[in-house]
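Under numbering that gives the first Met the number 0, the residues of the first sequence are numbered 0 to 814, in order. Notes follow once the structure below has been shown.
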Amino acid sequence: MSSKRFAEVIVELKSSQVDRPFHYEVPDHWQQQVEIGTRVLVPFGPRRLEGYIVGFSMAAEVTKTKPILEVLDDEPPLTPDLVQLAGWLSERYLCTTAAAVQALLPSGMRAKASTTLRLADELPFVQPGSLEADLLQALYESPNKTKEQLIAERPEWRPILRAWVAAGILIESYRIKQGAQVKTITCLRCTLDATRFPAALEALGRAKKQKEVLAFLFDRDDAVPMKDVLSELSASSSTLKPLLEKGYIQKEEQEVLRDPYGIVHGQKEQPLPLTELQRAAYDQIAAAVDSRKPETFLLQGVTGSGKTEVYLQAIASCVAQGRQAIMLVPEISLTPQMVERFKKRFGDDVAVMHSRLSAGEKFDEWRRIRQGDVTIVVGARSAIFAPFHSIGLMIVDEEHEVSYKQDDHPKYLAREVAMYRARQHGATVVLGSATPALETRWWAHQGQIRRIEMSERVMGQRLPKVKVIDMRNELQEGNRSMFSTVLQKEMEKRLETGEQIILFLNRRGFATFVLCRSCGYVARCPECEIPLTFHKARGLEQLRCHYCGYAERMPNICPDCQGDHVRHFGTGTQRVEEELNRVFPEANVIRMDVDTTSGKGSHAVLLQRFRNQEAQILLGTQMIAKGLDFPNVTLVGVISADTSLFVPDFRAAERTFQLLTQVAGRAGRHQLPGEVVIQSYNPQHYAVQFAKKQEYENFFQHEIRVRHAVHNPPFRELTAFTSVNVNETEALRIARTVEDRLRILFQGRDDVIILGTSPAPLSRLQGKFRFNVVVKYVRFKQVGASIRTVYLEAAQEAQKAGGYLSIDVNAQMIL
DNA sequence: GCGGTCACATGA
DNA sequence: CATGTGACCGCG
Numbered sequence: 000m001s002s003k004r005f006a007e008v009i010v011e012l013k014s015s016q017v018d019r020p021f022h023y024e025v026p027d028h029w030q031q032q033v034e035i036g037t038r039v040l041v042p043f044g045p046r047r048l049e050g051y052i053v054g055f056s057m058a059a060e061v062t063k064t065k066p067i068l069e070v071l072d073d074e075p076p077l078t079p080d081l082v083q084l085a086g087w088l089s090e091r092y093l094c095t096t097a098a099a100v101q102a103l104l105p106s107g108m109r110a111k112a113s114t115t116l117r118l119a120d121e122l123p124f125v126q127p128g129s130l131e132a133d134l135l136q137a138l139y140e141s142p143n144k145t146k147e148q149l150i151a152e153r154p155e156w157r158p159i160l161r162a163w164v165a166a167g168i169l170i171e172s173y174r175i176k177q178g179a180q181v182k183t184i185t186c187l188r189c190t191l192d193a194t195r196f197p198a199a200l201e202a203l204g205r206a207k208k209q210k211e212v213l214a215f216l217f218d219r220d221d222a223v224p225m226k227d228v229l230s231e232l233s234a235s236s237s238t239l240k241p242l243l244e245k246g247y248i249q250k251e252e253q254e255v256l257r258d259p260y261g262i263v264h265g266q267k268e269q270p271l272p273l274t275e276l277q278r279a280a281y282d283q284i285a286a287a288v289d290s291r292k293p294e295t296f297l298l299q300g301v302t303g304s305g306k307t308e309v310y311l312q313a314i315a316s317c318v319a320q321g322r323q324a325i326m327l328v329p330e331i332s333l334t335p336q337m338v339e340r341f342k343k344r345f346g347d348d349v350a351v352m353h354s355r356l357s358a359g360e361k362f363d364e365w366r367r368i369r370q371g372d373v374t375i376v377v378g379a380r381s382a383i384f385a386p387f388h389s390i391g392l393m394i395v396d397e398e399h400e401v402s403y404k405q406d407d408h409p410k411y412l413a414r415e416v417a418m419y420r421a422r423q424h425g426a427t428v429v430l431g432s433a434t435p436a437l438e439t440r441w442w443a444h445q446g447q448i449r450r451i452e453m454s455e456r457v458m459g460q461r462l463p464k465v466k467v468i469d470m471r472n473e474l475q476e477g478n479r480s481m482f483s484t485v486l487q488k489e490m491e492k493r494l495e496t497g498e499q500i501i502l503f504l505n506r507r508g509f510a511t512f513v514l515c516r517s518c519g520y521v522a523r524c525p526e527c528e529i530p531l532t533f534h535k536a537r538g539l540e541q542l543r544c545h546y547c548g549y550a551e552r553m554p555n556i557c558p559d560c561q562g563d564h565v566r567h568f569g570t571g572t573q574r575v576e577e578e579l580n581r582v583f584p585e586a587n588v589i590r591m592d593v594d595t596t597s598g599k600g601s602h603a604v605l606l607q608r609f610r611n612q613e614a615q616i617l618l619g620t621q622m623i624a625k626g627l628d629f630p631n632v633t634l635v636g637v638i639s640a641d642t643s644l645f646v647p648d649f650r651a652a653e654r655t656f657q658l659l660t661q662v663a664g665r666a667g668r669h670q671l672p673g674e675v676v677i678q679s680y681n682p683q684h685y686a687v688q689f690a691k692k693q694e695y696e697n698f699f700q701h702e703i704r705v706r707h708a709v710h711n712p713p714f715r716e717l718t719a720f721t722s723v724n725v726n727e728t729e730a731l732r733i734a735r736t737v738e739d740r741l742r743i744l745f746q747g748r749d750d751v752i753i754l755g756t757s758p759a760p761l762s763r764l765q766g767k768f769r770f771n772v773v774v775k776y777v778r779f780k781q782v783g784a785s786i787r788t789v790y791l792e793a794a795q796e797a798q799k800a801g802g803y804l805s806i807d808v809n810a811q812m813i814l
């Protein structure tokens, strides 16, 4: 045998102190089974931990070692390229390798090792009434309790347990419990062959039902699910018992995959004919996939230009080459209709991945991918980690969406992960949007990305007419309603003709805060300092904090000046609904917001009702802005374009433009011409003006100059440190430490700008103080190592101070 | 991340 | 000195 190899294992602990490989001996009987990516159970100090093999080293390099205790899977969960990806994630987003590994595997993958205890023959002598006596009694009474359970019950038993194990009074053994279980169903099989079957049937005598069951199973070659047998023959399980006892039939467990969507039966849908523009886009993408060289496209197509059909056909051509494809969509647009479209085109070659699946369902979809049962994945952000072995194409639809940035560690950006995997696999990335992220459009301008434009709508419909209403004039003219005269008139028209209306409430940031019109008092959450929002449920007027859930009654008089002019201000969907009921009492309204769509599937139900024309007006927030397509909608109203413009965020203009453009795109996608009314107190703002004309390119030209002037993306990348602590001075101190160290490290570097310590826009969340330090730099490669050092050191100090420090590399939003 | 251990305070 | 408590050490 060649010289012994030792496994380098990353243990499942998310602490920077242990974020390095540890060496373990591979027992001979596992030599064949372990490879890079294998999940193992290893001894780690006094504990047993799950870990992943990330490499091997030779004996000479190893100083200390213990043997691997267990190999946890038949097939390694991670492929070597995923191990490499985990390494990259940890470097790019400054997280531990363990955290990266966890992000790229389905939740529920984690196994739990538990320790069982058995009393040896020799019993300990214990003082009656002592801790030891209690423990001994517990061990007798519930011998199946694990060591972990006992310690959780009475922590003071821990040292006794340790002593008894050392003295040989207790014998430990461990058991592994998989997180998500492989689901099995019980099946029945006839054990008899043709020679013994007649005799057995005879022997059953007058047991008619038993004979039926036996004959039924004898006719089948395969095992049949028990519940099918019972329902088919309308037998009960008691019929089976004698057959099992006689050994004529046997039970066996068969693995099944949970399939949350089911297989779509019937004819697979055929590809649709492509327009000239679609054909041109398809040809370029398919050629890139063929070339097997990594390449990224920006597919910039106006709403209704038919991007999805291009995606579908590009995926088909990729799959035809024996390679796999990943399609990312924003979580919100991962609707049943969307999934159905893929299932209809590709049948059961498709796996679906999103956050609303149960842990078991996720695990099973993941296994279908890993085992090669499917070639296509449709999913939200994390689907970019699908464990395919040869990816040909990755599509990021609506690539500008903020939801492509993960909000906890590792705070990855799906678009970047796609581009990294493309380099690993020689794959093509397609970033699709009508309103691309400014960065993406800029990279296309610079030539790093190839841009394909689709500027015409497939059906040749005209873009909707957009009117911008200056709300300041309305107020001057004495219209105190939230609907301008124009919007109200247009709505009346639609209600008469029976056409439908979508009302969009741009509620980002400041919603319905409560303000005293006499003294300016604003009701805030005592914990978070965030303006409370007004809610009305079952006649009860309440103020609630959107971040921590705090609630109080709506005050009648101002707590500050005792005046009686306290009003809720801004506009929430509920208030618009009330106003609608007042102005148009005969109209049916469907309201969609967090309150009405919390239940599972309620989102889809409401949309279906609107589609069935059970209501003339659909009223909602961002969640109705995209992906919707209703033939009978001819009017879209935006109550106020302003709210998102004044969010303290450099992307506010971009977001507002994108939102307004998307919303406007909802109108008139079919035969009927569409109209859009945007109300604003700042109608002259360029984001509003360019959205009105649906001019992305002009908006881009304008905004890019703004970004350049103030050194914001795409000219610099932003990384944000957030120091969090219940103690304000400590939070501030850590943030200042970060700032000071960064200033020292980057002294004299004009490619780096440090924005000093400032209270975070959400300065108090859940009773904790938050301070931000933001670094702007040109190339992460040139600053990453320094930022990492500062982060690791300061994070440790923050922990000592009872708080924590988090980091967001390439932050999309500073919160 | 966390169990073990060590240094030190507290109390009789 | 026994016992409790908090910091920190090191895991292969």
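Where is the CB? At the ideal position from N, CA and C, for every residue including glycine.
Here's a check: name, in chain order, each residue in its chain whose Cβ is nearer than 7 Å to the Cβ of residue i, leaving out the five neighbours to either side.
i	result
serine 389	Arg322, Gln323, His424
tyrosine 281	Leu273, Val309, Gln312, Ala313
With DSSP collapsed to three states, give me the class of residue i.
i	result
serine 290	helix
alanine 382	helix
lysine 488	helix
glycine 508	Here glycine 508 scores only 43 on pLDDT, less than 50, and its place in the model should not be relied on; the value that follows carries that caveat. Looking at glycine 508 - three-state DSSP - the assignment turns out to be coil, as it is neither helix nor strand.
methionine 0	Low confidence applies here, because methionine 0 scores a pLDDT of 47, under 50, leaving its location unreliable; read the following figure in that light. In the structure shown, methionine 0 sits in coil (DSSP, three-state: anything other than H, G, I, E or B).
leucine 804	strand
valine 465	strand
glutamine 283	helix
proline 682	coil
leucine 494	helix
lysine 767	strand
valine 709	coil
asparagine 143	coil
glutamate 796	helix
methionine 470	helix
phenylalanine 698	helix
glutamate 90	helix
valine 164	helix
Would you mind working out which of the options sits nearest residue i, comparing C-alpha positions?
i	options	result
alanine 586	Ile175, Leu542, Gly562, Gln615	Gln615
valine 467	Val457, Phe482, Glu476	Phe482
glycine 346	Val338, Leu77, Met352	Val338
valine 709	Leu754, Arg732, Ala730, Ser679	Leu754
glycine 391	Gly50, Ala793, Pro293, Leu430	Pro293
isoleucine 325	Glu140, Leu213, Val773, Ala379	Ala379
valine 457	Lys361, Tyr419, Gly300, Phe387	Gly300
lysine 410	Val8, Lys3, Gln811	Gln811
valine 288	Ser316, Arg278, Gln277	Ser316
glutamine 700	Leu617, Leu437, Pro386, Thr302	Leu437
Output needed for residue i: all residues of its chain with C-beta closer than 8 Å, excluding positions within five of it in sequence on either side, in chain order.
i	result
glutamine 541	Phe533, His534, Lys535, Ala550, Glu551, Arg552, Met553
glycine 801	Asn724, Val725, Asn726, Glu729
threonine 64	Phe5, His22, Tyr23, Glu24
glutamine 487	Ser480, Val582
Can you round the beta-carbon distance between residue i and residue j to whole angstroms, since I take them to be within the 8 Å contact cut?
i	j	result
cysteine 186	proline 158	Not quite, the Cβ-Cβ distance comes to about 49 Å (not below 8 Å), so this is no contact.
glutamine 249	arginine 195	Between arginine 195 and glutamine 249 the Cβ distance is about 14 Å, and since that is not below 8 Å, they are no contact.
isoleucine 823	alanine 112	Lying before the first or after the last residue shown, residue 823 is absent from the chain, which here runs from 0 to 814.
lysine 306	glycine 497	31 Å between Cβ atoms; not a contact.
Looking only at its chain, what residues have a beta carbon closer than 6 Å to the beta carbon of residue i, apart from the 5 residues adjacent to it on each side?
i	result
alanine 443	Leu297, Arg450
Worksheet entry | Contact between the stretch 765 to 775 and the stretch 713 to 723 (3+ Cβ pairs under 8 Å) | These segments touch.
Discussion item. Taking contact to mean 3 or more Cβ pairs, one atom from each stretch, closer than 8 Å, check whether the stretch 126 to 142 and the stretch 102 to 110 are in contact.
Written reply: Judged by Cβ distances under 8 Å, the stretch 126 to 142 makes no contact with the stretch 102 to 110, as fewer than three pairs qualify.
Discussion item. If contact is defined by three or more beta carbon pairs under 8 Å, each pair taking one atom from either stretch, is the stretch 460 to 479 in contact with the stretch 418 to 436?
Written reply: Taking 8 Å as the limit for Cβ pairs, the verdict is that the stretch 460 to 479 does not touch the stretch 418 to 436.
Discussion item. Taking contact to mean 3 or more Cβ pairs, one atom from each stretch, closer than 8 Å, check whether the stretch 679 to 689 and the stretch 773 to 792 are in contact.
Written reply: No, they do not touch.
Item to complete: Flag this pair as touching only if the stretch 72 to 85 and the stretch 142 to 159 have three or more C-beta atom pairs under 8 Å; answer yes or no.
Response: Segments in contact, no.
Practice prompt. Could you tell me whether the stretch 75 to 93 touches the stretch 35 to 42, where touching means 3 or more Cβ pairs closer than 8 Å?
Written response: The stretch 75 to 93, when compared against the stretch 35 to 42, does touch it at the 8 Å Cβ threshold.
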